[in-house]
Amino acid sequence: MTFTLVTGGAIIMGYAIAAVFFLKFWRRTADSLFLAFAAAFLLFAATPLLTIFLEVPREEQSPFYLLRLLAFLIIIVAIIGKSRRRT
């Protein structure tokens with residue numbers, strides 16, 4: 002087991018735990034912002050998971066890096082949508 006696998010697993014676990022917490026908050030409040038954050042963190046977890054399983058040497062040069070872009074776009078759209086509803 003290499004250091005890369007161990008750190009990748011820890012990163013995936015951290016993202017997955019964050020997603021579960023946001024899902025928990027979403028179930029309590031039914032606020033779509035929490036659901037968007039949960040989806041984004043699941044996408045964040047999927048990126049290193051795919052790069053580890055498919056043995057991609059450099060994540061930033063793989064198409065999986067677009068998952069991060071999608072996650073950030075989900076967060077941005079959710080924040081803009083939440084702030085527009087308040088005004």
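Here my numbering is used: the first residue of the sequence shown is 2, the next is one more, and so on. We treat Cβ as the ideally placed atom computed from N, Cα and C, and that holds for glycine.
- The residue from Leu43, Phe4, Thr30, Ala17 with its alpha-carbon nearest to that of Ile76 is Leu43.
- The continuous alpha helix (DSSP H) containing Ala47 extends over residues 33-54.
- In this chain, the alpha helix (DSSP H) harbouring Thr5 covers 4-30.
- When DSSP states are grouped into helix, strand and coil, Phe73 belongs to the helix group.
- Ala72 is the residue among Ile80, Arg86, Ala72 whose C-alpha sits nearest the C-alpha of Tyr16.
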